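Novice:
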Amino acid sequence: VADGVARLLACPSGYQMLNSTVPRGAFSHDAQQCAKCQSCEYNVDPRAYMCQACAEGMVCNGNETVGFVTAGSAWDVVDGVYVLRRCPAGYFLYNGSSVHSFNATSQ
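According to our numbering, the sequence shown is numbered sequentially starting from 18.
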């Protein structure tokens, strides 16, 4: 409780914390809730991030646990989003627009 107002501080795995009238907008006491991620989404840390769409090459189930379709692929988490960094021998990195360059925003 801050300034006499109860604030939602955390949500369980598989949820995202909403506490504004628009995502990342001004705080709204009445808008506070834990919103469930869809089964085609993931959330690496519900205290800090929103649910993210499952990228091609991933297997998601609506929480922080994800699987990867190609064994040996290397993924990193950047600002709550999984980013494909490297593929195993015999595969190439493809981001939907170019085989030669990688753009995390179109991954």
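Beta carbons: idealized from backbone N, C-alpha and C, even for Gly. Nothing here was measured: the structure is a model prediction, and the numbers come from that model.
#1: Return the first residue and the last residue of the beta strand (DSSP E) that Ala91 is part of.
#2: My assumption, with CB atoms under 8 Å, is that Glu81 sits in contact with Tyr59. Please give the rounded CB distance.
#3: Report yes if the C-beta distance between Gly97 and Ala52 is below 8 Å; otherwise report no.
#4: Buried or exposed: which applies to Pro29, given that a residue is buried once 16 or more other Cβ atoms fall within 10 Å of its Cβ?
#5: Can you tell me where the beta strand (DSSP E) holding Tyr111 begins and where it ends?
Specialist: This is what the structure holds:
#1: 91–95 is the span of the beta strand (DSSP E), which, as asked, contains Ala91.
#2: 6 Å
#3: Judged by their CB atoms, Gly97 and Ala52 are not nearer to each other than the 8 Å cut-off.
#4: exposed
#5: It is not in any beta strand (DSSP E) - Tyr111 carries neither H nor E in the DSSP assignment.
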